[in-house]
Amino acid sequence: MGQVHHHVLPGRARNPNLADYDQAVAHFKWEDVERNFTWYDTGKVNMAYEAVDRHVREGRGEKTALLYSDSARDESYTFADLQEKSNRFGNVLRKYGIGKGDRVFLFMPRQPELYFSLLGILKVGAIAGPLFEAFMETAVKDRLEDSGAVALVTTPDLLHRIKREELPELRYIFLVGGGSDPENDVLDYETECASASTVLEPEWLGLEDGLIMHYTSGSTGKPKGVYHVQRAMIQHYYSGKVVLDLREDDIYWCTADPGWVTGTSYGIFAPWLCGVTNVVRGGRFSPRDWYQTIERNKVTVWYSAPTAFRMLMSAGTESLKGVDLSSLRHILSVGEPLNPEVIRWGDKVYSQRIHDTWWMTETGGQLICNFPGMDIKPGSMGRPLPGITAAILDDKGNKLPPYTMGNLAIQTPWPSMMDRIWNNPAKYEEYFRIPGWYISGDSAYMDDEGYFWFQGRVDDVINSAGERIGPFEVESKLIEHPAVAEAGVIGKPDTLRGEIVKAFISLRQGYIPSPELKAEIASFVRSGLSAHAAPREIEFKDKLPKTRSGKIMRRVLKAWELQLPAGDLSTIED
Ligand code: ATP
Ligand code: MG
13 MGQVHHHVLP
23 GRARNPNLAD
33 YDQAVAHFKW
43 EDVERNFTWY
53 DTGKVNMAYE
63 AVDRHVREGR
73 GEKTALLYSD
83 SARDESYTFA
93 DLQEKSNRFG
103 NVLRKYGIGK
113 GDRVFLFMPR
123 QPELYFSLLG
133 ILKVGAIAGP
143 LFEAFMETAV
153 KDRLEDSGAV
163 ALVTTPDLLH
173 RIKREELPEL
183 RYIFLVGGGS
193 DPENDVLDYE
203 TECASASTVL
213 EPEWLGLEDG
223 LIMHYTSGST
233 GKPKGVYHVQ
243 RAMIQHYYSG
253 KVVLDLREDD
263 IYWCTADPGW
273 VTGTSYGIFA
283 PWLCGVTNVV
293 RGGRFSPRDW
303 YQTIERNKVT
313 VWYSAPTAFR
323 MLMSAGTESL
333 KGVDLSSLRH
343 ILSVGEPLNP
353 EVIRWGDKVY
363 SQRIHDTWWM
373 TETGGQLICN
383 FPGMDIKPGS
393 MGRPLPGITA
403 AILDDKGNKL
413 PPYTMGNLAI
423 QTPWPSMMDR
433 IWNNPAKYEE
443 YFRIPGWYIS
453 GDSAYMDDEG
463 YFWFQGRVDD
473 VINSAGERIG
483 PFEVESKLIE
493 HPAVAEAGVI
503 GKPDTLRGEI
513 VKAFISLRQG
523 YIPSPELKAE
533 IASFVRSGLS
543 AHAAPREIEF
553 KDKLPKTRSG
563 KIMRRVLKAW
573 ELQLPAGDLS
583 TIED
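Per my numbering, the sequence shown starts with residue 13, numbered consecutively.
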């Protein structure tokens, strides 16, 4: 492994919830976390109760829970408001015979009603299935069909993408924003809610009862329907405290859409279980708009993704002019590896470290993280959450020594571990093929201080002339070059070397593709990283293929290269 001398950024302010990592790990018990929930005493659980009603019952009903804005709306809702709105929709669902275990999907842009209705679904014990608004007909149909959804909440603009005639199980559609067609069971959300009672006794559930279903991002293949249960709240709450570092007066902004797991685990559950004010910004990404959202709402804790940070970095300091970001206390990232260059830039322009966190749809919650206050090694995902044991295993399940690349694995179980892959038990079993362990599909190594270093998806690791090269390391070096905005690196089959490193690069504004630039970039990696990891081929692209959750789709790059079919593209950006 080439990477041994890492620059360490010493930890700054301490996290009162995790003052000493080693101590916390040594004394950790999940049961101590469980004591914070109502159900610990009653034995009966409901996520929406713990995230909303409980705050009202305990005197925090007038606290602001949701600060929503987009170009047309600017609204604020208290926990009492959330309780009332979700009770109303819960009663509507009950009126139509929908309840425990039924799958109810949501297909709409971020707007307050998405949050109200999702909570209403949970209140009656149904399983929420959020879908990203940009999905086209087939993507929506496949997911509704696979999940057997009985009802859908959507908007008039999106209605034409629902192939009703091909979805016999889909009984009701609730339209947010006007319109109805009662003969076809298309009902007006507002009218229904207006006439429903504001009082509702939640469906009391067990910890193993269903909560939410998320289809994965589709970076590596056909998206999988990952099914989570109520128990996950233990991890959402705990990681909200120790990783997001949420404190009573925080104004928290998670930029993810609830169509992806980050947008629910950390865009809904963690902040509201912890009782903090949650910012939701509708509409599309723009650097200026995002900075103004932070300034206007005085955001203190900000959770986003490498793709967004890279775009903000490309936008340069111009976009920062005149905005006041001094409210920010803690910044986090998830979804893709966080390049060291991005951390260094964050240090400079926000005077804040960006804290990387690693987890997956299947894991339901954060597992390996840079905790606030901990020393950060840029390029490392950090260390396991207390209560979590991570290891690097070979394909037979043997533990590998430090600095050896292998399968990133987590000891089973943990509270937010997926319960199943919907309709696909064989796929589920694959993750657990080594007894006692969950095999993530990611490749990583551990250093001698227990920090984990992501290398790439297992299938993306490049084998060139006997050397194993993680694409992430190469991509991170590439984006240190001033001309490079983003980079995706793959192994290209080669008769001599097995594979060679090939880089697809999008250039920053103002740079013009040329053979000289290619040569210069390749030599930049050769001298800055190593000769064997330097790309032997570079191809410039205006844009790299990405999922809607912002991940570079290396399998699409590879398919282009090999002139093969690109596979499932339902989650690709425009
Ligand atoms: P699919 O499973 O459909 O191919 P996906 O794996 O991209 O898509 P997600 O569950 O959204 O779907 O993403 C989880 C994956 O994202 C992880 O397995 C990992 O490869 C990557 N990832 C997430 N966070 C990090 C991180 N902090 N560092 C490196 N990689 C990360
Ligand atoms: Mg995955």
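All C-beta atoms in this analysis are idealised placements derived from N, C-alpha and C, irrespective of residue type, glycine included.
Query	Result
Distance, I451 Cα to L21 Cα	30 angstroms
Span of the alpha helix (DSSP H), counted from its first residue to its last, around E511	That residue, E511, is in no alpha helix (DSSP H); its beta strand (DSSP E) goes 510-519.
Alpha carbon of L343 to alpha carbon of T312, nearest angstrom	A small fix is needed here, since residue 343 is Ile in this sequence, not Leu. Roughly 8 angstroms separates the two Cα atoms.
Buried or exposed by the 16-neighbour rule on C-beta atoms within 10 Å, applied to Q247	buried
Reduced DSSP category for A497 - H, G, I as helix; E, B as strand; rest coil	strand
Option in A421, I422, A403 with minimal Cα separation from P413	A403
Cα-Cα separation between N410 and Q575, rounded to whole angstroms	37 angstroms
Cross-strand partners of G418 (DSSP beta bridge)	A456
Cβ neighbours of T373 in the same chain (closer than 6 angstroms, five flanking residues each side left out)	H226, T228, V238, V273
Own chain, CB closer than 6 angstroms to H19, minus 5 neighbours either side, in chain order	none
Proximity test, G579 beta-carbon vs the ligand MG heavy atom, cut-off 7 angstroms	no
Residue from L256, L182, Y443, R322 with nearest C-alpha to N196	L182
M372 CB to nearest heavy atom of the ligand MG below 7 angstroms	yes
Through-space distance from M565 to S542, alpha-carbon basis	25 angstroms
The ligand ATP heavy atom lying under 7 angstroms from the CB of K563	yes
Residues sharing a beta bridge with V198, DSSP	I185, D193
Alpha-carbon spacing of S592 relative to K175, whole angstroms	Since the displayed the chain opens at 13 and closes at 586, residue 592 lies outside it and no answer follows.
Extent of the continuous beta strand (DSSP E) to which W370 belongs	366-370
Where A320 falls: helix, strand or coil (DSSP)	helix
Range covered by the alpha helix (DSSP H) that runs through R469	Segment 464-469 is the beta strand (DSSP E) holding R469; no alpha helix (DSSP H) there.
Stretch-stretch touch, CB-based, cutoff 8 angstroms, three pairs: the region 329-339 with the region 349-359	no
S231 beta carbon near the ligand MG (any heavy atom closer than 7 angstroms)	yes
Spatial neighbours of I263 in its chain, beta-carbon cut-off 8 angstroms, leaving aside the 5 residues before and after	L79, V288, T289, V291, N309, K310, V311, T312, V313, S339
Every unbroken beta strand (DSSP E) within the region 98-126, with a cutoff of 3 residues, ordered by chain	115-119
6 angstroms Cβ shell around R66 - same chain, five flanking residues per side excluded	T50
Nearest-angstrom Cα separation, counted from A60 out to Y52	15 angstroms
Classification of L324 by the beta-carbon crowding that lies within 10 angstroms, buried from 16 upward	buried
Integer-rounded CB distance, given that L187 should sit under 8 angstroms from Y201	6 angstroms
Residue closest to R155, alpha-carbon to alpha-carbon, out of S209, S476, K236	K236
Residues of its chain near S488, where Cβ-Cβ distance is below 8 angstroms and the 5 sequence neighbours each way are ignored	P349, N351, P352, E353, G391
Cutoff 8 angstroms; reference K112; Cβ partners in own chain excluding five residues on either side	V136, G137, A138, E215, L217, D221
The ligand MG heavy atom lying under 7 angstroms from the CB of G132	no
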